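Under this note's numbering, the sequence shown is numbered contiguously, ending at residue 1404. All residues carry an ideal CB built from backbone N, CA and C; glycine is no exception. None of these values were measured; they are calculated from a predicted model. Report on the structure given below.
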Amino acid sequence: MARRKQVYEGKAKILFEGPESGTLIQYFKDDATAFNNKKHAVITGKGVLNNRISEYLMLKLQDVGIPTHFVRRLNMREQLIREVEIIPIEVVIRNIAAGSMSKRLGIEEGTMLPRSIVEYYLKSDELGDPMITEEHITAFGWASYQEIDEIMSMALRVNDFLSGLFLGVGLKLVDFKLEFGRLWEDEDMRIILADEISPDNCRLWDVKTNERLDKDRFRQDLGKVEEGYQEIARRLGILPEAGPRDMRGPETIQ
Ligand code: TMP
1151 MARRKQVYEG KAKILFEGPE SGTLIQYFKD DATAFNNKKH AVITGKGVLN NRISEYLMLK
1211 LQDVGIPTHF VRRLNMREQL IREVEIIPIE VVIRNIAAGS MSKRLGIEEG TMLPRSIVEY
1271 YLKSDELGDP MITEEHITAF GWASYQEIDE IMSMALRVND FLSGLFLGVG LKLVDFKLEF
1331 GRLWEDEDMR IILADEISPD NCRLWDVKTN ERLDKDRFRQ DLGKVEEGYQ EIARRLGILP
1391 EAGPRDMRGP ETIQ
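Next up, the structure:
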């Protein structure tokens, strides 16, 4: 394969220069980290599953009018994306108490929240992604008031759509993290969904048993991490069981 220029390496992905200007290639690694890099492992096959799951979800979101950076999947581990200026904020949307919210506020994991709650964290490994408010975001110029409004409303639309999609295959979307970027077209700028949507950045529980099928299996040493990710892909109908031609549609759970 021809050598490509690497433009960025994160904990779970690498970005390479794309074939034309304004594009990048997003490569999904098998590496997993948790607790801001304190815990690290290689989960064989994770990158392939996340590439496929993120493609599927981004395309579904595009179908309902949410603009995303996704262009097309290139191969098992890579997808072509549009180059954006990443807004340095992790947007977390929560439907059910879990993880850091349960810990911080003393709410039992699994408690249904009175309404969906959106939180912001500064994307900074050095600082351990501290929680921030709209006040910090606008005062320090990480995003404008108008951009924050747009991000918040897009995040809630994504949440509504994905909650329904996952419920249809027997999964509760407990919480998830999104990232957004600025895309310039001539003089115009718009905000689009970037990064990935996969079990690395979503909590997904089985509707009937509350079994965790996402990265919490790794964070909490529950074992069978890849199997959890595979189960999510299988339910979405995108896990090729007998090779790449064996792609079924989603399985509906009554
Ligand atoms: P939290 O409960 O640990 O704050 O996580 C909330 C959601 O955000 C959960 O679905 C996992 C996701 N997340 C990331 O994608 N990246 C991160 O660095 C963290 C802390 C959480």
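Tell me, please, which residues DSSP counts as bridged to residue i.
i	result
residue 1190	1183
residue 1222	1230
residue 1340	1333
residue 1269	1242
residue 1322	1355
Verify whether the separation of the beta carbon atoms of residue i and residue j is less than 7 Å.
i	j	result
residue 1179	residue 1191	no
residue 1327	residue 1269	no
residue 1237	residue 1293	yes
residue 1197	residue 1222	no
residue 1235	residue 1174	no
residue 1385	residue 1319	yes
residue 1176	residue 1212	no
residue 1100	residue 1247	Look at the range of the chain in this structure, 1151 to 1404, and you will see that residue 1100 is not part of it.
residue 1372	residue 1380	no
residue 1312	residue 1354	no
residue 1265	residue 1325	no
residue 1187	residue 1278	no
residue 1376	residue 1193	yes
residue 1272	residue 1257	no
residue 1217	residue 1342	yes
residue 1170	residue 1157	no
Please classify residue i as buried or exposed, where buried requires at least 16 neighbouring CB atoms within 10 angstroms.
i	result
residue 1337	exposed
residue 1112	With the chain running from 1151 to 1404 in the structure shown, residue 1112 is simply not present.
residue 1255	exposed
residue 1276	exposed
residue 1331	buried
residue 1398	With a pLDDT of only 46 at residue 1398, under 50, the local geometry of the prediction cannot be trusted, and no value is derived from it.
residue 1206	buried
residue 1348	buried
residue 1153	exposed
residue 1392	Low per-residue confidence applies at residue 1392: pLDDT is 44, beneath 50, and the placement is therefore not dependable enough to give any value.
residue 1285	exposed
residue 1204	buried
residue 1200	buried
residue 1317	exposed
residue 1350	buried
residue 1297	buried
residue 1291	exposed
residue 1308	buried
residue 1345	buried
residue 1396	Note on residue 1396: pLDDT 43, under 50, position unreliable in the model; the coordinate value appears next. Exposed is the call here.
Starting from residue i, trace the alpha helix (DSSP H) in both directions and tell me its first and last residue.
i	result
residue 1312	1295–1317
residue 1255	1249–1255
residue 1388	Segment: none, residue 1388 is in no alpha helix (DSSP H) and carries neither H nor E.
residue 1202	1196–1213
residue 1153	Per DSSP, residue 1153 belongs to no alpha helix (DSSP H) and is neither H nor E.
residue 1367	1366–1369
residue 1167	Note, residue 1167: premise wrong, no alpha helix (DSSP H); beta strand (DSSP E) at 1163–1167.
residue 1347	Residue 1347 -> no alpha helix (DSSP H), and no H or E assigned at all.
residue 1288	1284–1289
Please report the residue range of the beta strand (DSSP E) in which residue i lies.
i	result
residue 1246	1239–1246
residue 1216	Note, residue 1216: premise wrong, no beta strand (DSSP E); not H, not E.
residue 1174	1173–1178
State yes or no: is the beta carbon of residue i nearer than 7 Å to at least one beta carbon in chain D?
i	result
residue 1210	Structure shown: chain D not included; a single protein chain is present.
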